[in-house]
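To start, the structure itself, in structure tokens.
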Amino acid sequence: MDVILFALRVAAALLLMAFVGAVLVMLWRDFQAVSQEIDTRTRRRGRLVVLHSTDGINLPGKSFPLLPLTTLGRSPSNTVHLDDVFASAEHAMLTLRSGQWWLEDRGSSNGTRLNGYRVEEPIVLSAGDVIGIGQIELKLELEE
Numbered sequence: 001m002d003v004i005l006f007a008l009r010v011a012a013a014l015l016l017m018a019f020v021g022a023v024l025v026m027l028w029r030d031f032q033a034v035s036q037e038i039d040t041r042t043r044r045r046g047r048l049v050v051l052h053s054t055d056g057i058n059l060p061g062k063s064f065p066l067l068p069l070t071t072l073g074r075s076p077s078n079t080v081h082l083d084d085v086f087a088s089a090e091h092a093m094l095t096l097r098s099g100q101w102w103l104e105d106r107g108s109s110n111g112t113r114l115n116g117y118r119v120e121e122p123i124v125l126s127a128g129d130v131i132g133i134g135q136i137e138l139k140l141e142l143e144e
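Here the numbering used here is used: position 62 in the sequence shown is 62, and no number is missing along the way.
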């Protein structure tokens, strides 16, 4: 009888360890999937480089990483904060859609320029394009 009880205890302990091991494996796989998703969402896909600025903060050569949704404007809540009196609080937005970057003016007072031309509707961007917001010019550099 003691042998049977001992065998049952050992079996229960082994089943418990197997269950805990399976839970740990599932947690590890979930952690890996979430880490990969976060890395994909925050991975640098390019940058905006300041070419010309009069705001005293964003000096020429300063760069801002591009995220899948990058907002530009005077408000500190934007991805790219531009301290320019001619920039609106939420001036423009860059979005990554189907592998292409799009520039959209967000109803700003002074408008957004792309290569010197005013942006009237969302437009596809290319590497080397120059975005003008107020007195600041930003060059788009994309990573391949």
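Note that CB positions come from ideal geometry on N, CA and C, so glycine has one too.
Predicted, not measured: the structure shown is a model, and the values here were computed from it.
In this structure, how does DSSP classify residue i when only helix, strand and coil are distinguished?
| i | result |
| --- | --- |
| alanine 89 | coil |
| valine 119 | coil |
| serine 35 | helix |
| glycine 111 | coil |
How is the beta strand (DSSP E) around residue i delimited, first residue to last?
| i | result |
| --- | --- |
| glutamine 100 | 100-105 |
| leucine 82 | Run containing leucine 82: none; DSSP gives neither H nor E here. |
| serine 53 | Per DSSP, serine 53 belongs to no beta strand (DSSP E) and is neither H nor E. |
| lysine 139 | 136-142 |
| serine 63 | 63-65 |
| arginine 74 | Arginine 74 -> no beta strand (DSSP E), and no H or E assigned at all. |
| glycine 132 | 130-133 |
Inspect the beta-carbon positions of residue i and residue j and report whether they are closer than 8 Å.
| i | j | result |
| --- | --- | --- |
| leucine 96 | arginine 45 | yes |
| tryptophan 101 | proline 122 | no |
| leucine 140 | isoleucine 133 | no |
| leucine 51 | leucine 138 | yes |
| glutamine 36 | aspartate 84 | no |
| glycine 73 | histidine 91 | yes |
| alanine 127 | leucine 114 | no |
| arginine 118 | glycine 111 | yes |
Please classify residue i: is it buried, with 16 or more other beta-carbons within 10 angstroms of its beta-carbon, or exposed?
| i | result |
| --- | --- |
| isoleucine 57 | exposed |
| methionine 93 | buried |
| serine 88 | buried |
| tryptophan 28 | exposed |
| phenylalanine 64 | buried |
| threonine 70 | buried |
For a test of your reading of the model: does the CB of residue i fall under 7 Å from any non-hydrogen atom of the ligand NAP? Yes or no.
| i | result |
| --- | --- |
| leucine 103 | The model depicted lacks the ligand NAP and carries no ligand whatsoever. |
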